[in-house]
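Notes to accompany the following structure.
4 protein chains.
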Amino acid sequence: MAIKVMGQDTKGLNEECGIFGVWGVNEAADMTYYGLHALQHRGQEGAGIVGRQNGKLRQERGLGLLADVFGRGTALQNLAGSDAAVGHVRYATSGSNGIENIQPLLAHFSDSQIALAHNGNLTNQFTLRKQLETDGAIFQSSSDSEILLHLIRRSPAETMGAKIKDALNQVHGGFAFLLLTPDALYAALDPHGFRPFVIGQVDGGQYVVTSETAALNVVGAKFVRDVQPGELVTIDDAGMHIDHFTENTALQIDSMEYIYFARPDSDIYGVNVHTARKRMGATLAAEHAVDADIVVGVPNSSLSVASGYAEATGLPNEMGLVKNQYIARTFIEPTQDRRERAVRMKLSSVRGVVAGKRVVLVDDSIVRGTTSMYIVRMLREAGASEVHVRIGSPRFRFPSFYGIDMQTTEELMAANHSLAEMTAMIGADSLEFLSVDGLVDAIGLKTEQGTGLTTAYFDGHYPSPIYDYAPAMQPFVDAGVVDFMEEP
Amino acid sequence: MAIKVMGQDTKGLNEECGIFGVWGVNEAADMTYYGLHALQHRGQEGAGIVGRQNGKLRQERGLGLLADVFGRGTALQNLAGSDAAVGHVRYATSGSNGIENIQPLLAHFSDSQIALAHNGNLTNQFTLRKQLETDGAIFQSSSDSEILLHLIRRSPAETMGAKIKDALNQVHGGFAFLLLTPDALYAALDPHGFRPFVIGQVDGGQYVVTSETAALNVVGAKFVRDVQPGELVTIDDAGMHIDHFTENTALQIDSMEYIYFARPDSDIYGVNVHTARKRMGATLAAEHAVDADIVVGVPNSSLSVASGYAEATGLPNEMGLVKNQYIARTFIEPTQDRRERAVRMKLSSVRGVVAGKRVVLVDDSIVRGTTSMYIVRMLREAGASEVHVRIGSPRFRFPSFYGIDMQTTEELMAANHSLAEMTAMIGADSLEFLSVDGLVDAIGLKTEQGTGLTTAYFDGHYPSPIYDYAPAMQPFVDAGVVDFMEEP
Amino acid sequence: MAIKVMGQDTKGLNEECGIFGVWGVNEAADMTYYGLHALQHRGQEGAGIVGRQNGKLRQERGLGLLADVFGRGTALQNLAGSDAAVGHVRYATSGSNGIENIQPLLAHFSDSQIALAHNGNLTNQFTLRKQLETDGAIFQSSSDSEILLHLIRRSPAETMGAKIKDALNQVHGGFAFLLLTPDALYAALDPHGFRPFVIGQVDGGQYVVTSETAALNVVGAKFVRDVQPGELVTIDDAGMHIDHFTENTALQIDSMEYIYFARPDSDIYGVNVHTARKRMGATLAAEHAVDADIVVGVPNSSLSVASGYAEATGLPNEMGLVKNQYIARTFIEPTQDRRERAVRMKLSSVRGVVAGKRVVLVDDSIVRGTTSMYIVRMLREAGASEVHVRIGSPRFRFPSFYGIDMQTTEELMAANHSLAEMTAMIGADSLEFLSVDGLVDAIGLKTEQGTGLTTAYFDGHYPSPIYDYAPAMQPFVDAGVVDFMEEP
Amino acid sequence: MAIKVMGQDTKGLNEECGIFGVWGVNEAADMTYYGLHALQHRGQEGAGIVGRQNGKLRQERGLGLLADVFGRGTALQNLAGSDAAVGHVRYATSGSNGIENIQPLLAHFSDSQIALAHNGNLTNQFTLRKQLETDGAIFQSSSDSEILLHLIRRSPAETMGAKIKDALNQVHGGFAFLLLTPDALYAALDPHGFRPFVIGQVDGGQYVVTSETAALNVVGAKFVRDVQPGELVTIDDAGMHIDHFTENTALQIDSMEYIYFARPDSDIYGVNVHTARKRMGATLAAEHAVDADIVVGVPNSSLSVASGYAEATGLPNEMGLVKNQYIARTFIEPTQDRRERAVRMKLSSVRGVVAGKRVVLVDDSIVRGTTSMYIVRMLREAGASEVHVRIGSPRFRFPSFYGIDMQTTEELMAANHSLAEMTAMIGADSLEFLSVDGLVDAIGLKTEQGTGLTTAYFDGHYPSPIYDYAPAMQPFVDAGVVDFMEEP
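Chains as they are written, first to last, in our numbering: chain E, 1 to 488; chain C, 489 to 976; chain V, 977 to 1464; chain P, 1465 to 1952.
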């Protein structure tokens, strides 16, 4: 039973954004550029920075990698002298790849300006947009993020802070928002804390708010605290002020951040991502041991989990696969033949390492399964006598609605095939996945309220209603494989 | 007494737009490209086309000349298969040179789309914008044109046609609007008909609406009629339907269109522009004869008026100045020294023609006067014994508010200096201007209601209130040199 | 009897170069940029400048218009501080459109450098190249100009000046050469002076050498003298030194320079080009009068000749055709249909001027005839009752070998059709051409040795042997319509 | 005692090229693109491909990464239909960064064409170039590679093969050459085999010759054999023919290929690079054990050696440093402050891994030492209690002349400082290097003639005379630390 939500095609498993904001430093746009550089893995199809120059906001943005947009030409020079800035790197879904969707969005008013950078996905966006349009709103982007600007602008509340709170209480889903006005920088996180969001402080005491601690390191900022679910943080010349827009919160951060998205050197709610992945590998080894000669991780994302697996089993952890460092741009078009070549341009097997060996191939996840199939084939061509695939996360069976570009199950291998079928399809001698409990234990984030994690991809237990997406998921609910918690 | 309106710097005398729309043809975007090509003189700093592909509107736009935006790359290919389109070439005033102001603007709704191309200037734009913002509107551009989209969207009227009429009755000033929805192409002209706007028909019977008849010729369309002041024209699969959004109209087209802006091969309200200019030259000769040997026009804009002057006087019309064909791009920065070089890169005097001659130098207008100064100097360097400057229009003394980028008198030579001063400043042996009556007669558009022309630049009689600009003009009103008619 | 020489396709009638050199001024590359700007009409497909910075030569070049190569980016900044420079604008024939052919060429030696800019065509290039290759020379360009570098380098003479003279005596055909070394600027003109070449002097006394006087005006240089056939001019810190590489000279400048290529504001051997064209028009009127109402010239190249024709006949000279100012770039591909559109994008007829009139359409030349056909059609569509075509030069029947891109007669209308056929093909009521004698008289350059002009295109009398091209022309010689003079 | 050779500044340790050639396949340029993609690590500042289309060679090349040159635009389309091709990726040294130096070079002759791609450095290039120039040769590039073209062209031998052999016997130094003519593909390797060079075969039997086996894998070619020192391989429609241009050979491949340059998945003379590096790590552990908690390799180049070190010691191999995947382009300028930031943008330490740990930091080599200093500092900031640096190669003390961009010892830390000084400068608790014997053993290439390796960087024993570079090295020879073997 495959679903396709809202008619959107999807291309893979991609996080939709990284965001970075800073207030009160010299050359704030430069710092934002360096911070976004550390977040480039969270979005490669567009980048933008809005800086505050002489009290006014100026926007620079473009399609492509950060370095395409800001590493050449005058975009960064145009923001010289900024003393506050917000930035964004974006993964644009197909069909909405126009420059108008590249964030931060910037709205101009006769009397003010407001810039917005958003990481996440609003589950009631279609309802809100229709309602706003009925009330006369004109949208220039097809991005759900623009909705918040309209809600803020239309709020009857008196102060900007009150307007923002008002607007935040109308949106649902996953969101880490950064808002910049000429007067302040605002940061807000959804009530479940679906996305990571951290506060740092540079030497001079100025505050930085960004998606991952890795971005703090690059700009020389010290970690202060995670933004907590439901918080609205205001940073201005008077310093940092922490408030809540709602008290009904329950931390359930997206487990995919630990499994795949976040950088290994980032810490999320106090848990180092690399270390969590090593534990996933160790737990996986405990759950699914196999008689083999060497462990080979798929570079670079699965090296941590492979290392955990190898250590737990005592097997040597070998570089049986090598990744080409220069893969940013290829002109590959997506035919089957070319997709295989794309994998071969990216990864090579090392005959001297795997020939004659029984290999445990460790990967972090299986989405479509085609890449796994090509890698298994490459290892066999290089002489591996057996290939046992071990995956550091459970079977990916249900769509995401909180900020990952995977809103359909059509192409999810695990949603449509049994374990035996999958094993055959990728050509492995055996295939096993980490259990959901194993994942939760390995991350180790448990709170009094529960796991602290969203694991709905794997078990179908969504931590909140999904609003506009609910009708599309009804067949799964009817089949008894999916359920939704109430809002806290 | 110099004024500067709304804090805007201005750079010269520039028309702000050319527009082109077509419904129901094959490859409508290609035709629009060719049509805009004939209108490139109306705006060189940005260009855009919105095409209807499979019932949906798609926008392509960019900074620079039409050929920069559409002559390379994939922009025009992206619009392949369009069966309706609107296009725009823009002169962007300094300070608002972002891509977001390049038209046609395109607004997306959950249930529809609307594209807008505007030639003109709305005199109550600041009031309307503030009011709309107070009501929650978010503007993405700083262009006044976006206001109409908000007014249409917020209109309580039932049909699109009624919403547009409603909106048109709220805006004042000069406007030729083209609106494209998936269902129809709409064209509307302000009640004074400040800007030229014509309807043509191609061989298959499909309609084209555009700024000048010159654009009709290029796409092989036959002239049908001028859009009349106050009209709303609707073109869809059922054909053309002509309606009025107001009956209170009075034709007063901007006389600068005849003097300077429009192409000589265009006809406006039945008057050929080249022919009108020849009559200006002839009338100028009658008003201000001078004993001389040859007539030299400033290429290319003043060749018609020079030819009229020469014919009327019997003096030989000589090519004493040559214009470089390749002036599109220079890297000149605006220092005094470089400004003179810019003129010298553009124009050269021909010694063999002017040496030892008493020259009547004919130009169409004097704005700042610096170019005239350089040209007179060049003619003297080439050996002219006398240089008598004759200008085919009256002294330009007051600002424009209906769609020309000259909203201040600070830099207008004639607003700040006497005729004797001007003569000395440009270094001429004599300097004379066409009279306002001479201009009106030469164009010959007189209607029962009056001249059919706006000549406020020259005589201070504005044919309508100027709304948001009124406070800035109050000193002139107080001084008794400017007055405003009521709306018709 | 049509010939096609050396297998080259040709596209039209295009001059192959403009060149500019200067020694001893501040910012010599900037001055060269301005000078080349005035020569852009002589070549639009590539541009380059070599500047001397701190005693070393640096090259910047690129494809496209001068402003594409130097008006953006850093190319001109890279040459900042140059105190001598040579520049080149090029018309690249198809098949050799690579960057390696863009001049000035620059050769590096362990102990020196030499840059070369060439306007013209070497008639013994194939023989020389083959011989040089046999002797081990490696060519990086397919340009004939590179041959001179090899000849200079291989000369056994002692000094650079002697080497250059030696090389110049080995090449035949049309050439104006500029050579720049770290020590001097050299200028040389072929023994017939086929191409124009002038020396000017700026205020500080420094010398400029360039293709046309128009380029002198733009950089503020005074005309000093024409380079004479057979001269080698050396300019260095000691001033200018004029020498001859041969005494066997006979001025026979290409008449096409007066007819079409040169700018009207340029003087060539003391004759102003515009004035010469006016005389061509007057002579044409005397030779081929016709009963008509108005004269219409094809803008911009034929306006001078039309003015001469009109003055001589007393007919009014009217602007019946208007040229679009923005034609630099179109994305037109060369199908018949699109070629007509290209003409329509470039030129428009003015109905108000030509309707009901008997028109004398004056053009400077007819090459293929297709443009003439489209223009006649446009005038008739605009209501002209009769169209009489008068051409300011004789019938173009034979190819050029001295520096114009027309080395075949295949596409030359006059080479393949009678006057009656041509009249019918272009759809004119009548068609007449200026006689060769009329042309010679109108230019008025006669010397003791003869006309001072090359008119071989029209009469088949080539002023020199054509060496490598001779075999291809043999059928014409056999037919008795073409002959070649011996070298002087 | 630091030397600087031939006035060239150097920037780091960079291999100068990767080359790829193929004969007789469909879309040979596409295959070359894929092959070069696998060699991008060997040169990132320029790329080019020459393809044979319809029997003629066409060149496309540009500055930047392969994907910049061929992944966009039309460069690869321009080579469509090629049935043979050679390609090149280049590391351009500063001062010679012009497009004219980007290879393959292509020379045109009246009767033929020849393209050349070169990996290496010719030690008698200055002498040869001067001699050729004296004989009239003109060089268009400043690259030493062009010399071979001139030598071939000037050879009195009869056949192309004989000419090439003749030329190859005149050049000295390191070279793997690919030459393409319309008739054949030639591959030649210098008598010491300084650079890796391998032959592969695709399914249809056609031959590929390239720098590394990694490139064979990507294009689906099977490894056939290494090109042997002194060989000239000819590939044409008749198949492959192997010949020698000299019998005086002695394999001494550059050890840096195993240490740093080559990809881990490549095999060189039968030795897998990753496996060799693991052995270097194991040997290093045996030579320089230390009491520690974890091993951390510098990603990505040192992961193999770190893994060998960890395995040998039984210490856990941890991901204490993470490399940003998106480092291709930064706009960093080389100030000290920015250099540190550049390292921080590229590498991050993982606090959760290193905090409180005694770390063995394993790197492959130390050139300047600044990167090591920053990394040690980062590890300490992340809480490492001790940092012991272990380097998988000996101290880098002497320059290279066979194809690596390090021809000076000025910036080589080990050339100018004692081990104790180096330890202090990088801030490590201890610092040790692999011995030369340990390196030779770990690679394990020993032949009857010797080590099969060039280790001159480390021990000063150069395997050949260095010709034009000899004078600069004389002080080292005098000091008794450097010596040169005779040619074999």
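Glycine included, each C-beta is placed from N, C-alpha and C at the ideal position. None of these values were measured; they are calculated from a predicted model.
A distance below 8 Å between beta-carbons, with the five flanking residues on each side excluded, links M913/C to the following residues of its chain, in chain order: G857, M861, M901 and H905. Taking H1505/P as the centre and dropping the five residues before and after it, the same chain places the C-beta of R1727 closer than 7 Å to its C-beta, in chain order.
Judged by pairs of C-beta atoms under 8 Å, the stretch 68 to 78 of chain E does not touch the stretch 115 to 123 of chain E, as fewer than three such pairs exist.
D144/E and N121/E do touch by the CB rule: their CB atoms are close to 7 Å apart, below 8 Å.
Sorting D1087/V, L1415/V, S1117/V and N1030/V by C-alpha distance to the C-alpha of A1060/V places N1030/V at the top. Taking C-beta atoms under 8 Å as the contact rule, I1907/P and L1898/P fail to qualify, at a distance of about 11 Å.
Ranked by Cα distance from Y1933/P, the first of S1864/P, M1783/P and F1922/P is S1864/P.
By the rule that beta-carbons nearer than 8 Å mark a contact, I1611/P does not touch chain V. Put simply, of Q1079/V, A1056/V, K1139/V and A1138/V the residue whose alpha carbon is nearest the alpha carbon of Q1604/P is Q1079/V. Around Y1236/V, the same chain offers L989, S1277, D1340, S1341 and S1369 as residues with beta carbons nearer than 8 Å, after the five sequence neighbours per side are excluded. Within a 10 Å sphere around the beta-carbon of D1202/V sit 16 or more other beta-carbons, which makes this residue buried. Across the structure, H1738/P and E386/E are spaced so that their CA atoms are roughly 21 Å apart. Between the beta-carbon of P976/C and that of P679/C there is about 6 Å, and that keeps the pair under the 8 Å contact cut. Residue contact with chain V for F1948/P: absent (no Cβ-Cβ distance below 8 Å to any residue of chain V). Using a Cβ-Cβ distance cut-off of 8 Å, the stretch 993 to 1000 of chain V and the stretch 1012 to 1026 of chain V are in contact, since at least three pairs of beta carbons, one from each stretch, lie closer than that value. Every beta strand (DSSP E) stretch that sits fully inside the stretch 986 to 1051 of chain V and reaches 3 residues is listed by chain position as 993 to 999, 1022 to 1029 and 1032 to 1039. Under the three-pair Cβ rule at 8 Å, the stretch 798 to 816 of chain C counts as touching the stretch 765 to 776 of chain C. Interface flag for F1153/V against chain P is unset, since no Cβ pair is found closer than 8 Å. L553/C is classed as buried because its beta carbon has at least 16 other beta carbons within 10 Å across all chains shown. Straight-line spacing of the CA atoms in Y1010/V and R341/E works out to 51 Å.
Here the alpha carbon of T1587/P sits roughly 7 Å from the alpha carbon of Y1866/P. In the three-state DSSP reduction, G87/E falls in the strand class (E or B). The residues A1268, D1269, S1361 and E1362, in chain order, have a CB closer than 6 Å to that of R1334/V in the same chain once the five nearest residues on each side in sequence are set aside. Of all residues in the stretch 1073 to 1087 of chain V, the ones placed with a Cβ closer than 9 Å to any Cβ belonging to chain P are G1074, I1075, E1076, L1081, L1082, A1083, H1084, F1085, S1086 and D1087, in chain order. In this structure, DSSP gives F1377/V a state outside helix and strand, which the three-state scheme calls coil.
One Cα belongs to M473/E, the other to K165/E, and the distance between them is close to 30 Å. Following the DSSP letters along the chain, one finds H288/E in no alpha helix (DSSP H), marked with neither H nor E. Interface residue (Cβ-Cβ distance to chain E less than 8 Å): D1729/P is classified as such. The criterion of a C-beta distance shorter than 8 Å is not satisfied by A1631/P and V1697/P. For E1316/V, the secondary structure class from DSSP, reduced to helix, strand or coil, is helix.
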